[in-house]
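Participant: Encoded as structure tokens, here's the structure I'll be asking about.
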Amino acid sequence: DFSVYSPQAGYLPSVIRTIPPLNDTAFIEKNFSSSPVKPYSLPPVRLMKKRVVYWIVEYEPLLDSCDMTFDDWIRIATDIRKAYHNYDGFVVLHGTDTLAYTASALSFMMENLGKPVIITGSQIPVAEVRSDGMENLIGALIIAGNFDIPEVCVYFNNKLMRGNRTIKLDNSALEAFDSPNMQPLARMAIKIQVNYDSIFRSTNINPFTVHDNLCRDVGLLRIFPSMSIESVRAFLQPPTKGVILQTFGAGNMPTKRKDIIDALKEAIARGCLVVNCSQCVKGQVDVNYATGKILYDIGVIPGSDMTSEAAMAKMCYVLGKDEWDHETKRMMLQTNLRGEMTVTNEAIGTRELDIIPHIAKCLRLSSGNEVQLIRDTILPPLFCNAAKTNKPEILKKIKVSSLGFLSPYTITEARFCL
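Numbering follows full-length UniProt numbering, in which position 134 of the sequence shown is assigned residue number 134; successive positions increment by one, without gaps.
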């Protein structure tokens, strides 16, 4: 039926072969004439040092993205693992409806990733006279072939975004995707502008692996006014093991719905993990509100500013880690594993206590006086921030840490920073 859009096997590779901006035919014939499977090549790109040569692997069957499943995520991740050492980067062409789910899932499944994996698509098919598909594909290929950005990303409308920070925001505009709680990793302008400081890199040198054991007993529970307790209880019944609770505003629940609170409390008591995410596109969960703290007090895990797609993928990944016990899984859900969430001030304040030895090592400092100089530089802002934001627990942690004992600063002195 040519009156509607639907996937057609073999169509896209054959069309791309005929589009000059996507395939330099003369270059391929000159350099790959004897190749049994001829690749494609972008023409030379100004300011880029590398010529991008790429191969297309088409899946059978082709799926509308609405039909994507966990098994398809596993297949994509597994195929990248098999070909990992043969290529400098990977581009995944994907329908837009569930693209953000796939990007989030792959970001967690791919452990110790050292190469770019960029997911892109289009609002208008690439073969149309007026299409965003060609520009999106060209941009994704240029970045994957030329830049050291070892993340799962989404490239759309001249922006490269972290995959697990991306949502589909518009179903009819060319700027269909956005990363509302984080700036893009790169932008296409006259020059490609890369925000290298924001790139999330693996902190170890372990080899690239794929974790393909995803828990499927996970669901999204969206809170709405006057929702029935029966539907909540039914949702929380076994075999449900993980729940993404989509709450109002900054992570708030109706305080007068004790029946819902009790149902959540019972589910948590039997081992169900519940993460609190806001229904809002921007902002993060804040337990300083009484209506949000009531969830925290019963064991609901604050989801910071994670998207619902990222929170669901993370829950599936964490629950699939059979080697982790229950408390470790709870801790990992609160930990920034792939750049999917903004670290809170409390976590930053505590983590900075351990950063001085690493700075000293990087600067090759060897004397106590040199290390003390770093302490003198870093501690005052820490004290000031803790005092200004009324976080006495941070001051106490500094005091009892080895860093605090070795510092000339005291808790009393920190109060003068107000």
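In this text, a Cβ means the ideal position worked out from N, Cα and C, and glycines have one as well.
If I follow the unbroken alpha helix (DSSP H) through Ser278, where does it start and stop?
Facilitator: First-last for Ser278: Leu273 to Ser278, but that is the beta strand (DSSP E), not the alpha helix (DSSP H).
Participant: Could you tell me the boundaries of the beta strand (DSSP E) in which Ile244 lies?
Facilitator: Gly242 to Thr247
Participant: For Pro13, collect the residues of the same chain with a Cβ closer than 7 Å to its Cβ; drop the 5 residues on either side in sequence, then sort them by chain order.
Facilitator: Within its own chain, the residues whose Cβ lies closer than 7 Å to the Cβ of Pro13, once the five positions on either side in sequence are excluded, are Ile56 and Glu58, listed in chain order.
Participant: To the nearest angstrom, how far is the alpha carbon of Ser172 from that of Phe27?
Facilitator: 37 Å
Participant: Within 10 angstroms of its Cβ, does Arg216 collect 16 or more other Cβ (buried), or is it exposed?
Facilitator: exposed
Participant: Please report the straight-line C-alpha distance between Tyr5 and Ala127, rounded to a whole angstrom.
Facilitator: 12 Å
Participant: Across the stretch 113-124 and the stretch 199-210, are there enough close Cβ pairs to call them in contact, namely three or more that are closer than 8 Å?
Facilitator: yes
Participant: Out of Asn206, Glu175, Phe208 and Asn146, which has the shortest C-alpha to C-alpha gap to Gln193?
Facilitator: Out of Asn206, Glu175, Phe208 and Asn146, Asn146 has the C-alpha closest to the C-alpha of Gln193.
Participant: Ends of the beta strand (DSSP E) at Ala9?
Facilitator: Neither: Ala9 is in no beta strand (DSSP E) and is coded neither H nor E.
Participant: Measure the Cβ-Cβ separation of Gly251 and Leu295 and say whether it is below 8 Å.
Facilitator: Cβ atoms of Gly251 and Leu295: closer than 8 Å.
Participant: Check whether the Cβ atoms of Gly299 and Ala311 lie closer than 8 Å to each other.
Facilitator: no
Participant: Tell me whether the beta-carbon of Met341 lies closer than 8 Å to the beta-carbon of Asp305.
Facilitator: Between Met341 and Asp305, the C-beta gap is smaller than 8 Å, which places the two residues in contact.
Participant: If we call anything under 8 Å between Cβ atoms a contact, is Thr291 one with Thr328?
Facilitator: no
Participant: With burial defined as no fewer than 16 other Cβ atoms inside 10 Å of the residue's Cβ, what is the status of Arg375: buried or exposed?
Facilitator: buried
Participant: Taking all protein chains shown into account, do 16 or more other C-beta atoms lie within 10 angstroms of the C-beta of Tyr101, making it buried, or fewer, making it exposed?
Facilitator: In the assembly as shown, Tyr101 is a buried residue. Its beta-carbon has 16 or more other beta-carbons within 10 Å.
Participant: Grouping DSSP H, G and I as helix and E and B as strand, with all else coil, what is Glu323?
Facilitator: coil
Participant: Exposed or buried, what is Gly349 when buried is set at 16 or more other beta-carbons lying within 10 Å of its beta-carbon?
Facilitator: Residue placement at Gly349 is flagged as unreliable, the pLDDT there being 49, under the threshold of 50; the coordinate-derived value follows with that caveat. Burial of Gly349 is indicated by the presence of at least 16 other C-beta atoms within 10 angstroms of its C-beta.
Participant: In this structure, how does DSSP classify Arg222 when only helix, strand and coil are distinguished?
Facilitator: strand
Participant: Under 8 Å, do Trp73 and Leu106 count as touching if we go by C-beta distance?
Facilitator: yes
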